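Taking this note's numbering, I'd label the letters of the sequence shown as residues 3 to 167.
We put the CB at the ideal spot given by N, CA and C, even for glycine.
All figures in this text were calculated on a predicted structure; none of them were measured in a lab.
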Amino acid sequence: MTDTVLVTYGTTNGSTAEIAEAVADVLRKAGLTVESTPARSVAGAERYDAVVVGGALYAGRWHKDARRFVRRNRVPLAERPVWFFSSGPLDASASERDIPPVRGVRRAMDRLGVRDHVTFGGRLEEGARGRMAGMILRSGKGGDFRDFGAIETWAEAVAGALTRA
């Protein structure tokens, strides 16, 4: 069984952080010790037995903090079980079908032997930071498209893999 799991994430407006917290809560309920923290705040992945990395999607790329975390920690990540998730589509597409990882995430998955990746819907609401966010909101395409049932189901599968290990 795994001792300590890191759930880390790159987020700008907090939606991906809330998904990461939901994942961490499920892992804790399964009896795992979990630390959940922004990717930019993690000194290193060496002291964790397993890692879940989440990144918000912006213009077809993972959030820079998630990308940098993976790049800085590629050696320890390659030596332990790792799962990735993305958040971003501002429509129901993530609930309707599997959305493959964006190219950069797929490359990291292949290099590191990541066990699984899932894309969840995102959230973009009034007050969101960033020029693109403002443009999207003005076009009427904002909203909350996260499916917490699907998030919990995926996290339960991660927990199952870790508690059987």
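Asp-100 carries a coil assignment under DSSP once its states are collapsed to helix, strand and coil.
Note: Thr-165 is not bridge-paired with any residue in the DSSP secondary-structure output.
Counted as a single uninterrupted DSSP element, the stretch harbouring Phe-147 is not any beta strand (DSSP E), since DSSP gives it neither H nor E. With a contact defined as Cβ atoms closer than 8 Å, Val-25 and Val-9 qualify at about 5 Å. Within the same chain, Cβ atoms closer than 6 Å to the Cβ of Thr-6 are found at Thr-35, Tyr-50 and Asp-51, the five residues on either side in sequence being excluded. Across the set Gly-162, Val-28, Glu-158 and Gly-57, the C-alpha of Gly-57 shows the shortest separation from the C-alpha of Arg-42. Contact check for Phe-71 and Val-54: beta-carbon distance about 11 Å, past the 8 Å limit, so the pair fails to qualify.
Residue range 52-60 is occupied by the beta strand (DSSP E) that includes Gly-57.
In this structure Arg-148 is in contact with Ser-17, their Cβ atoms being roughly 7 Å apart against a cut-off of 8 Å. Setting aside the 5 residues that flank it on each side, Ala-161 is surrounded in the same chain by Val-28, Leu-29, Ala-32 and Leu-34, each with a C-beta closer than 7 Å to its C-beta; the list follows chain order. Sixteen is the threshold: since fewer than 16 other Cβ atoms of the shown chains lie within 10 Å of the Cβ of Thr-165, the residue is exposed.
Across the set Leu-114, His-65, Phe-122 and Ala-96, the C-alpha of Leu-114 shows the shortest separation from the C-alpha of Ala-80. Gly-12 is positioned such that its CB atom lies closer than 8 Å to that of Trp-64.
For Ala-47 and Ala-163, the gap between their C-alpha atoms comes out near 19 Å.
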